[in-house]
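Chain order of the listed sequences is A and B. Quick note, the working numbering runs 1 ahead of the 1-based positions in the first sequence. Quick note, the working numbering runs 139 ahead of the 1-based positions in the second sequence. Glycine is no exception: its CB is placed at the ideal position from the N, C-alpha and C atoms. If you're wondering where the values come from, they're calculated on a predicted model, not measured in any experiment.
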Amino acid sequence: MEHNSMNLTLKVWKQKNKNEKGRFETYQVKGISSEMSFLEMFDVLNEQLIAEGKEPIAFDHDCREGICGMCSMYINGRAHGPWHHTTTCQLHMREYKDGDTIVVEPWRASAFPVIKDLVVDRQAFDRIIQAGGYVSVNTGNAVDANAIPIEKHSADEAFASAACIGCGACVAACPNASAMLFVSAKVSHLAMLPQGDPERKIRAVNMVQQMDKEGFGSCTNIGACEAECPKGISLENIARLNREYLGSMLSGGSQNSI
Amino acid sequence: MALNSKIPAGELEAKWEKYKSTCKLVNPANKRQLEVIIIGTGLAGASAAASLGELGYKVKTFCFQDSPRRAHSIAAQGGINAAKNYQNDGDSTFRLFYDTVKGGDYRAREANVYRLASVSANIIDQCVAQGVPFAREYGGLLSNRSFGGTQVQRTFYAAGQTGQQLLIGAYQALERQVALGNVTQYSRHEMLDVVTIDGKARGVIVRNLVTGELERHFGHAVLICSGGYGNVFYLSTNAMGSNVTAAWKAHKKGAYFGNPCFTQIHPTCIPVSGDHQSKLTLMSESLRNDGRIWVPKKQGDTRKPNDIPEEERDYYLERRYPAFGNLVPRDVASRAAKERCDAGYGVGASKQAVYLDYASAIQRYGKIEANKQGLTNADAATITQLGKDVVKEKYGNLFEMYEKITAENPYEVPMRIYPAVHYTMGGLWVDYELKTTVDGLYALGEANFSDHGANRLGASALMQGLADGYFVIPYTLGNYLADDIRTKSIPTDHPAFVEAEKAVRDRIEKLMSIKGSESVESLHKRLGKIMWDKCGMARNEQGLKEAIEEIRALKKEFWSNVRIPGEINEFNPELDKANRVADFIELGELMCMDALHRNESCGGHFREEYQTEEGEALRQDDKYMYVAAWEYKGDSQFEMHKEDLVYDIVHPTQRSYK
Numbered sequence: 002m003e004h005n006s007m008n009l010t011l012k013v014w015k016q017k018n019k020n021e022k023g024r025f026e027t028y029q030v031k032g033i034s035s036e037m038s039f040l041e042m043f044d045v046l047n048e049q050l051i052a053e054g055k056e057p058i059a060f061d062h063d064c065r066e067g068i069c070g071m072c073s074m075y076i077n078g079r080a081h082g083p084w085h086h087t088t089t090c091q092l093h094m095r096e097y098k099d100g101d102t103i104v105v106e107p108w109r110a111s112a113f114p115v116i117k118d119l120v121v122d123r124q125a126f127d128r129i130i131q132a133g134g135y136v137s138v139n140t141g142n143a144v145d146a147n148a149i150p151i152e153k154h155s156a157d158e159a160f161a162s163a164a165c166i167g168c169g170a171c172v173a174a175c176p177n178a179s180a181m182l183f184v185s186a187k188v189s190h191l192a193m194l195p196q197g198d199p200e201r202k203i204r205a206v207n208m209v210q211q212m213d214k215e216g217f218g219s220c221t222n223i224g225a226c227e228a229e230c231p232k233g234i235s236l237e238n239i240a241r242l243n244r245e246y247l248g249s250m251l252s253g254g255s256q257n258s259i
Numbered sequence: 140m141a142l143n144s145k146i147p148a149g150e151l152e153a154k155w156e157k158y159k160s161t162c163k164l165v166n167p168a169n170k171r172q173l174e175v176i177i178i179g180t181g182l183a184g185a186s187a188a189a190s191l192g193e194l195g196y197k198v199k200t201f202c203f204q205d206s207p208r209r210a211h212s213i214a215a216q217g218g219i220n221a222a223k224n225y226q227n228d229g230d231s232t233f234r235l236f237y238d239t240v241k242g243g244d245y246r247a248r249e250a251n252v253y254r255l256a257s258v259s260a261n262i263i264d265q266c267v268a269q270g271v272p273f274a275r276e277y278g279g280l281l282s283n284r285s286f287g288g289t290q291v292q293r294t295f296y297a298a299g300q301t302g303q304q305l306l307i308g309a310y311q312a313l314e315r316q317v318a319l320g321n322v323t324q325y326s327r328h329e330m331l332d333v334v335t336i337d338g339k340a341r342g343v344i345v346r347n348l349v350t351g352e353l354e355r356h357f358g359h360a361v362l363i364c365s366g367g368y369g370n371v372f373y374l375s376t377n378a379m380g381s382n383v384t385a386a387w388k389a390h391k392k393g394a395y396f397g398n399p400c401f402t403q404i405h406p407t408c409i410p411v412s413g414d415h416q417s418k419l420t421l422m423s424e425s426l427r428n429d430g431r432i433w434v435p436k437k438q439g440d441t442r443k444p445n446d447i448p449e450e451e452r453d454y455y456l457e458r459r460y461p462a463f464g465n466l467v468p469r470d471v472a473s474r475a476a477k478e479r480c481d482a483g484y485g486v487g488a489s490k491q492a493v494y495l496d497y498a499s500a501i502q503r504y505g506k507i508e509a510n511k512q513g514l515t516n517a518d519a520a521t522i523t524q525l526g527k528d529v530v531k532e533k534y535g536n537l538f539e540m541y542e543k544i545t546a547e548n549p550y551e552v553p554m555r556i557y558p559a560v561h562y563t564m565g566g567l568w569v570d571y572e573l574k575t576t577v578d579g580l581y582a583l584g585e586a587n588f589s590d591h592g593a594n595r596l597g598a599s600a601l602m603q604g605l606a607d608g609y610f611v612i613p614y615t616l617g618n619y620l621a622d623d624i625r626t627k628s629i630p631t632d633h634p635a636f637v638e639a640e641k642a643v644r645d646r647i648e649k650l651m652s653i654k655g656s657e658s659v660e661s662l663h664k665r666l667g668k669i670m671w672d673k674c675g676m677a678r679n680e681q682g683l684k685e686a687i688e689e690i691r692a693l694k695k696e697f698w699s700n701v702r703i704p705g706e707i708n709e710f711n712p713e714l715d716k717a718n719r720v721a722d723f724i725e726l727g728e729l730m731c732m733d734a735l736h737r738n739e740s741c742g743g744h745f746r747e748e749y750q751t752e753e754g755e756a757l758r759q760d761d762k763y764m765y766v767a768a769w770e771y772k773g774d775s776q777f778e779m780h781k782e783d784l785v786y787d788i789v790h791p792t793q794r795s796y797k
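Here's what the structure looks like:
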């Protein structure tokens, strides 16, 4: 593999806190290796800014291996940048060439207020899970793990939905800032397993209610969420959520007790 | 203070059952009055918070990430061990116990490890009940795979994302308790001190990382579940935010630190590609199930791997350890890779790498698949394709990740791998009840030192985190709090809180006032280099002595020349990092002191002076069969206390995987 070195122009969203207005700031970075990850390129820029006595750019990141869901950059108009099924931390600079200009913004959604620069507040997702994204089983209640066989296909499907990392790219990619893909992935994961079955109706209703309360937009079947999801969560989940939701409304499952 | 591990009397198999039946209980009405603080929300913290919330305690959780679901447990790939014996291959609680004690090179406590092995089966039951989608066979039952250091298949998994699925299970259980009002959750909050009153932990000082404000929180007990400290090496497989700060503050408030030098270097990570590197990525140990590790037989061979014929390859693990082959424990595999690279057989541009090759696994699976499909005359291309499909099903996400990082296709070209810091067996010293040397202060999961001795076996970290949180602390904490039911909540204007908060504030103001010229990142990198070069995979007396001097000098430089931009009362990641790196520097010094004092090799601690003729670790059981528990006595001052390890059941021998 060959190493290239490149110089880039970055236009990055700067915003002091949620109350102040933000703006784009332009930066030049030099000597970026094609082997760096996108976030390592930001590390270089921040070290440069600190050396110049300027303030570095705040951005969220943690595991840097594509699984924690913390990184959240909107790069040249795409959530997590151009690579398919890839989080920002796994995007590598070999995608870019010398002289490129890259525009980087935070997730944009009123339910995800900006904390600073590229960092947003995603606690709305926690509250949606609190509304019903679990199986109500206390520690110690469980039967033997092999007592209930689960068809391999269902287990695999449940896993595919459970692979969601809660990053919020689906919301950022959606023109309506809808959280349907996130909610439906959790509803599907649990609805496809016998352990999640007893609460499936109430779960769908309560999670959708909470999603609406948080101010996420409605789903109009655009499909940008699926296209930008780093974990390939499928739109089929949304279809399943709609069935679950409708089914429980029809059978009077709309009480929101937990 | 003399160390009392409080191991219950009686037969090994009966200790935990006896403890559970005789420990003190707290009635439900009293539980509602008792407040518990939990620092960290990974597997240990989230499972403890959920379980204690279910019991009715008033729980507060704190994590520095933006949600409990981000904790680094999420990145564990390969699996979780449990002695279920679903495969009928001879597994049992005793075998899991035995493998773990042996794997830890006889530096763990027997009673703790036995308890861990005996609750392992309950963990799998609990997780399945929560809806964790483990891998299954066509008959609908759970699937298992092998891991290093064992000869049975006892590892449960969910593709290469087992940690993610287990953490989401625990997180969901935690969120349910938040919804029920039993747990209050604080994200983007970092613990910066433990508050002690009359010798007991009674609360914490935390910093709200969004506003920079300091907060005081009271608790009848405090649980440190903040993970390990591998980032002291700068480059590790840990998340960027993983840190020792909570554990280190506890240490400075009286909790002894156990075996700090016991570090796990994981053999299969993607090698460093340049100075820009910010972290290292693990390739799951499960890959050693099917992959074969080799280097060229010729030194400095520059041919491409696929151009090197079979007879000119050295499958050195299979050669040296025929009984376990590529599945030797991590410490053994890592040292063997280092030995080959140091001897000039390394591959890749840096020569600091070995090959992990899937070519023969692809052929093997391809032939099996062709047979299954009744293709008697399948051509080579068909067999290869069928084999690739099987490998993709098993390890697809890992192969994809490798390709994203290296731009090489591991289905075609062998992966390049090299050892990297992954886990720390050392941590806060705890007794059988997971209590530190400070009353009311507990440590769970990777943050404690307890169960893995000098080397952890693969797929055992998830097991330990969840065992501590779901099945141990609900009993042992009750045993302590039963005597505390008359203690009313202490108002946080108590002088101990005021004083602790002031100390934290003073330190932050001091850091910000330095206004030097070197960034936190570059100082951290320099610390990491000292640690890796002199307290890494191989250590010796001279190097460790030098390291201690270098770290002391670095500490001075840090406190006189660090540059932290921004303000205190705002979202300031550079300040957060500075707080953590300052603690890493102090810890690094202690790690080197611990490594220097332990004149033997055991598990992950390899002192070059102590090795067999064949280059294996040489323990000195007559002198060092103890836990070194270090007490903080002031700046650079530590006093060592010993907890002797007694082996009633397992007889320590030289570990052999040959």
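Closer than 9 Å by beta-carbon distance: list the chain A residues that pair up with residue i, in chain order.
i	result
Ala378 (chain B)	His62, Asp63, Cys64, Arg65, Glu66, Cys69 and Met71
Glu660 (chain B)	Asp44, Asn47, Glu48 and Ile51
Return yes when the Cβ of residue j is within less than 7 Å of the Cβ of residue i, no when it is not.
i	j	result
Glu585 (chain B)	Thr615 (chain B)	no
Leu580 (chain B)	Ala386 (chain B)	no
Leu242 (chain A)	Gly270 (chain B)	no
Ala112 (chain A)	Gly216 (chain A)	yes
Ile647 (chain B)	Ile707 (chain B)	yes
Asp332 (chain B)	Ala639 (chain B)	yes
Gln196 (chain A)	Val144 (chain A)	no
His390 (chain B)	Tyr796 (chain B)	no
Ser212 (chain B)	Gly308 (chain B)	no
Gly358 (chain B)	Val560 (chain B)	no
Val637 (chain B)	Asn398 (chain B)	no
Asp496 (chain B)	Ala183 (chain B)	no
Can you name the residues that DSSP bridges to residue i?
i	result
Lys197 (chain B)	B:Glu174
Gly218 (chain A)	A:Ser179
Ser412 (chain B)	Note: Ser412 (chain B) sits in no beta bridge, so no partner.
Arg678 (chain B)	B:Arg746
Val334 (chain B)	B:Gly342
Residues of chain B with CB under 8 Å from residue i, in chain order?
i	result
Gln16 (chain A)	Here the premise fails: no neighbours, minimum Cβ distance about 11 Å.
Gln91 (chain A)	Met540, Lys543 and Ile544
Ser185 (chain A)	Here the premise fails: no neighbours, minimum Cβ distance about 16 Å.
Residue i versus chain B: which residues are under 7 Å apart at the beta carbon?
i	result
Tyr135 (chain A)	Gln311, Ala312, Glu314 and Arg315
Ala57 (chain A)	Reading off the sequence shown, one finds Pro at residue 57 (chain A), where the question assumed Ala. Going along chain B in sequence order, the residues near Pro57 (chain A) (Cβ under 7 Å) are Pro704 and Glu713.
Arg204 (chain A)	Ordered by position in chain B, no residue passes the 7 Å Cβ test against Arg204 (chain A), which lies about 11 Å from the chain.
Ala164 (chain A)	Gln300
Asp127 (chain A)	Ser206 and Glu314
Determine the chain A residues that contact residue i at a beta-carbon separation under 7 Å, and present them in chain order.
i	result
Leu281 (chain B)	Ala146 and Asn147
Gln491 (chain B)	The premise fails here: Gln491 (chain B) is roughly 15 Å from chain A at the closest Cβ pair, so nothing lies under 7 Å.
Gln303 (chain B)	Ile68
Tyr277 (chain B)	Lys153
So residue i contacts chain A; which residues on that side make the cut at Cβ distance below 8 Å?
i	result
Ala598 (chain B)	Under the 8 Å cutoff, chain A gives no residues; its nearest Cβ is about 16 Å from Ala598 (chain B).
Inset, instruction - Note down, in chain order, all residues in the segment 140–154 of chain A with a beta-carbon under 7 Å from any beta-carbon belonging to chain B. - result: Thr140, Asn142, Ala143, Val144, Asp145, Ala146, Asn147, Pro150, Ile151, Glu152 and Lys153
Inset, instruction - Pick out the complete alpha helix (DSSP H) segments inside the segment 105–169 of chain A, 4 residues or longer, and give them in chain order. - result: 124–131 and 153–163
Inset, instruction - Would you list, in sequence order, the uninterrupted alpha helix (DSSP H) runs of no fewer than 4 residues that lie entirely inside the segment 700–742 of chain B? - result: Here the runs fully enclosed are 712–736.
Inset, instruction - Please list the segments of the beta strand (DSSP E) lying wholly inside the segment 366–406 of chain B, counting only runs of 3 or more residues, in order along the chain. - result: Correct list: empty.
Legend entry - Contacting positions in the segment 19–30 of chain A - beta carbon closer than 8 Å to chain B: none
Inset, instruction - Taking a Cβ distance cut-off of 8 Å, strictly less, list which residues of the segment 406–424 of chain B are near chain A, in chain order. - result: Ser412, Gly413, His415, Gln416, Ser417, Lys418, Thr420 and Leu421
Legend entry - Proximal residues, the segment 36–54 of chain A versus chain B, C-beta separation under 9 Å: Glu36, Met37, Ser38, Leu40, Glu41, Met42, Asp44, Val45, Asn47, Glu48, Leu50, Ile51, Ala52 and Gly54
Inset, instruction - For the segment 316–331 of chain B, enumerate the residues whose C-beta is nearer than 7 Å to any C-beta of chain A, in chain order. - result: Listed by position, the residues of the segment 316–331 of chain B near chain A (Cβ gap below 7 Å) are Val317, Ala318 and Ser326.
Inset, instruction - For the segment 258–274 of chain B, enumerate the residues whose C-beta is nearer than 7 Å to any C-beta of chain A, in chain order. - result: Within the segment 258–274 of chain B, the qualifying residues are Ile263, Asp264, Gln265, Val267, Ala268, Gln269, Gly270 and Pro272.
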